[in-house]
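In what follows, a structure is listed as structure tokens, so that the remarks can point back to it.
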Amino acid sequence: MVFKFAPMRYFSNCSILIFLSVIIHACSPFSGPVDEAVSDSYYFSKSGNDICYSPMGNWFELGNDQLNADAESFEVIAPDFGRDKDHLYFKSYIIDSEADKNSFTVKEDYIFFDKNHVYVPFDYLPYEFRDEHQHTDHLWIVEEANPETFEKIDSDWSKDDVNYYYNYQPIDVDYHSFEVLNENFAKDQNQVYLLKDFQLLTSTIDAPTAKKLTNRYILDKNYLYDFQEYQNGKVVDSLIAISIQNQGDLRIIENEYLLFDKKIVYDGFEIENVDASTFQVVKLPYTKDQQQVYYYGKLIKGADPVTFEVFESPIYTRDKDRVFAYGEVLQEADVKTFGPSDDKNSLLYRDKNHIYRGNEIVTD
Numbered sequence: 083m084v085f086k087f088a089p090m091r092y093f094s095n096c097s098i099l100i101f102l103s104v105i106i107h108a109c110s111p112f113s114g115p116v117d118e119a120v121s122d123s124y125y126f127s128k129s130g131n132d133i134c135y136s137p138m139g140n141w142f143e144l145g146n147d148q149l150n151a152d153a154e155s156f157e158v159i160a161p162d163f164g165r166d167k168d169h170l171y172f173k174s175y176i177i178d179s180e181a182d183k184n185s186f187t188v189k190e191d192y193i194f195f196d197k198n199h200v201y202v203p204f205d206y207l208p209y210e211f212r213d214e215h216q217h218t219d220h221l222w223i224v225e226e227a228n229p230e231t232f233e234k235i236d237s238d239w240s241k242d243d244v245n246y247y248y249n250y251q252p253i254d255v256d257y258h259s260f261e262v263l264n265e266n267f268a269k270d271q272n273q274v275y276l277l278k279d280f281q282l283l284t285s286t287i288d289a290p291t292a293k294k295l296t297n298r299y300i301l302d303k304n305y306l307y308d309f310q311e312y313q314n315g316k317v318v319d320s321l322i323a324i325s326i327q328n329q330g331d332l333r334i335i336e337n338e339y340l341l342f343d344k345k346i347v348y349d350g351f352e353i354e355n356v357d358a359s360t361f362q363v364v365k366l367p368y369t370k371d372q373q374q375v376y377y378y379g380k381l382i383k384g385a386d387p388v389t390f391e392v393f394e395s396p397i398y399t400r401d402k403d404r405v406f407a408y409g410e411v412l413q414e415a416d417v418k419t420f421g422p423s424d425d426k427n428s429l430l431y432r433d434k435n436h437i438y439r440g441n442e443i444v445t446d
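Okay, so the sequence shown: first residue is 83 according to the numbering used here, each after it adds one.
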């Protein structure tokens, strides 16, 4: 096939797109999708005698693999699964040795079943999980799962008639009393568990009185608890316990701050030297009491709570004497003339002397 191209100056942008679309379609190695309602990655070859796997049909960027399948009997099971009279396929790979071809099916949320097992494609699992569980097969077998009763609860949890599963791994808990409290904690009649990625850690929290406070925190009869798997990008698996005397008076402010026993807790820690009786949110992440101002719960040194204000861009704040960026004094900024640049949509701020981007002076 030979194309003669006219000079580009004769084409509008729209014409160019149409022209390129025609060329791509003419060069396509496919005659059409096998079952477009189920998958946009399986196609009949140009001749119609074979099946091709091409992610999202993007053959010119993501490739095109021929399956050497029986085109007449081929059926699409899911976006990345197909079957013909002879084989079961994951993408373009034959996986007959990994699952039962005839009973293999999908029920919900990309969880796959056959008469023997429950499966999750290994490619669909998080990178951290794959790094920890080196695997040569394409399917991860959910250990002990009953394919007849297995069901998803949410993105992390599933169950069958015997076990609960956390990220597709069975957990050793009391099945009948087990419950997930929030994103960080679960419990049964014997234990409160800390939800770490892909595993549960045990704790000494009092299980009978443990209850959900928010999606992050829980309470037992004596303490408020927060579990932090990471701090500053490092794995710490830290269980933070803060004593609480009067749970009935506990208040939650802006879903971020916990007020009780004259304490303010933010991000799992008490804010030091805060006056709880005058504490208020200025504009998140800024708060203040009658004496001090805080940025993400940390003291903004020297900020005056009476005259403190937040600009439209929450990066910047000021009081009567100083301008702050990210809760730190913005050196050289003139408090009287500081404000947004002329372009209201710009992220740049300026004063009579400088233009600022974040906490830096723009020199160009």
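Here a beta-carbon is modelled for each residue, glycine too, at the ideal position from N, C-alpha and C.
As a beta-bridge residue in DSSP terms, Asp147 pairs with Tyr135. For Thr187, the secondary structure class from DSSP, reduced to helix, strand or coil, is strand. Under the DSSP definition of a beta bridge, Tyr299 lacks any partner. Pairing Tyr248 with Asp279, the inter-Cα distance amounts to about 9 Å. Given a length threshold of 3 residues, each whole run of the beta strand (DSSP E) inside the segment 213-272 is given here in chain order: 221-223, 239-241, 246-248 and 267-269. With respect to the 8 Å criterion, Asp302 and Ile287 are classified as neighbours on the basis of their beta carbons. Spanning the alpha carbons of Asn198 and Val224 requires a straight line of approximately 11 Å. Between Ala181 and Asp196, the C-beta gap is smaller than 8 Å, which places the two residues in contact. In this structure the segment 127-146 touches the segment 111-119; the number of beta carbon pairs closer than 8 Å is three or more. By the criterion of a C-beta distance shorter than 7 Å, Val363 is surrounded in its chain by Ile335, Glu336 and Thr369, once the five residues flanking it on both sides are discounted. Beyond the five residues adjoining it in sequence on each side, Leu207 comes within less than 7 Å, by CB distance, of Trp222 in the same chain, given in chain order.
Distances from the alpha-carbon of Val417 to those of Lys234, Pro396, Ser428 and Thr389 put Thr389 closest. A straight-line Cα-Cα distance of about 14 Å links Asn228 and Lys189. For Asp196, there is no enclosing beta strand (DSSP E), as DSSP gives it neither H nor E. Approximately 10 Å separates the beta-carbon atoms of Arg400 and Val411; this is outside 8 Å, ruling out the contact. Under the DSSP definition of a beta bridge, Phe351 partners with Tyr348. Here DSSP, grouped into helix, strand and coil, assigns Gly330 to helix. The alpha-carbon separation between Ala385 and Leu276 amounts to approximately 38 Å. Separation of Gln329 and Arg212 (C-alpha to C-alpha, rounded to the nearest whole angstrom) is 42 Å.
In the three-state scheme derived from DSSP, where H, G and I count as helix and E and B as strand, Thr360 is classed as helix. In this structure, Asp349 sits away from Gly315, with a CB-CB distance that is not shorter than 8 Å.
Per DSSP, reduced to three states, the secondary structure at Phe390 is coil, with no helix or strand assignment. The closest CA to that of Ala289, considering only Thr296, Phe260, Arg298 and Val317, is found on Phe260.
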